[in-house]
Structure formats: C-alpha cells, structure tokens
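285 is the number of the first residue of the sequence shown in our numbering; add one for each residue after it.
Note that CB positions come from ideal geometry on N, CA and C, so glycine has one too.
Since the structure is predicted, the reported quantities are computational estimates derived from the model, not experimental observations.
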Amino acid sequence: RAPAATMSALGLDLDDDPNKKMVEDMVNLANLTEEGIEKNLRLRYENDLIYTYTGAIICACNPYKVLDDLYAASTLAQYKRARLGDAPPHLFA
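This is how it looks when you write it as structure tokens:
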C-alpha cells in the first residue's frame, strides 16, 4: 500500500489501471452509479482511507482495526483552519 498522503489527489490512478480510479469526493466520479460508488469506497477502504466526501457529506467505513494517527493531535491541527476540501476527507474537516 502506498501511504495515504500520496493517495490524496482526486482521480488517482492505482497501478496505472484505468478501472482502479478513486476520488476523495464522489461527486467527481466518472461513473456515478451504485457500482461506481461501491468501487470507490472499496478502493479507499483497502488503502486505509476510511473517510470519503459526497459533496459536504462525509461517508465513513469502519476499518475494524486501529489506524495510527487517525485522531492524533497532529491530524487535528491539519484540519483546524482548513476549509472543506482543502485537506483529505476526515471527521475533523
């Protein structure tokens, strides 16, 4: 897995496979269908990116494990003065 920080760009290609694109905000999905939404959430979940936007709404997938630094003070500081969309999706946004 690549670090979450390197996977924060919208429409990031994974393994150069055009069928494996994921987005931080699902309103930007090329395939805005139930299948496209499920695929995006699955790809993000598999890369420990459990938060995903749908416009101003945040979707969360339970990782069923501890994700280091997910709620750390340093993570909170990243979002303290950021506007929605300035940083990757997170509960702190």
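Going by the beta-carbon positions, is the gap between valine 378 and asparagine 324 smaller than 8 Å?
One cannot answer for residue 378 here, as it falls past the ends of the chain, which runs 285 to 377.
As a quick exercise: from Leu313, Glu330 and Asp370, pick the residue whose alpha carbon is nearest that of asparagine 346.
Along the sequence shown, one-based indexing puts residue 346 at 62. Out of Leu313, Glu330 and Asp370, Glu330 has the C-alpha closest to the C-alpha of asparagine 346.
Taking the C-alpha atoms as reference points, what is the distance between phenylalanine 376 and leucine 360?
As a working note, residue 376 is residue 92 in the sequence shown. As a working note, residue 360 is residue 76 in the sequence shown. The C-alpha of phenylalanine 376 lies about 6 Å from the C-alpha of leucine 360.
Using alpha carbons as the reference points, say which of Ala356, Glu322, Gln362 and Tyr363 lies closest to cysteine 343.
By one-based count along the sequence shown, residue 343 stands at place 59. The candidate whose alpha carbon is nearest that of cysteine 343 is Glu322.
Taking the alpha-carbon positions, what's the threonine 338 to aspartate 309 distance?
Locating residue 338 in the sequence shown gives position 54, where the first residue counts as 1. Locating residue 309 in the sequence shown gives position 25, where the first residue counts as 1. Inter-residue distance for threonine 338 and aspartate 309 is about 5 Å (C-alpha atoms, whole angstroms).
What did DSSP end up calling tyrosine 355 once you bin it into helix, strand or coil?
The residue labelled residue 355 in the question sits at position 71 within the sequence shown. Coil, per DSSP.
Where the beta strand (DSSP E) containing tyrosine 335 begins and where it ends:
The count along the sequence shown starts at 1 and reaches residue 335 at position 51. Start and end: 335 to 338.
Per DSSP, isoleucine 342 is paired with what?
The count along the sequence shown starts at 1 and reaches residue 342 at position 58. Note: isoleucine 342 sits in a beta bridge opposite Tyr337.
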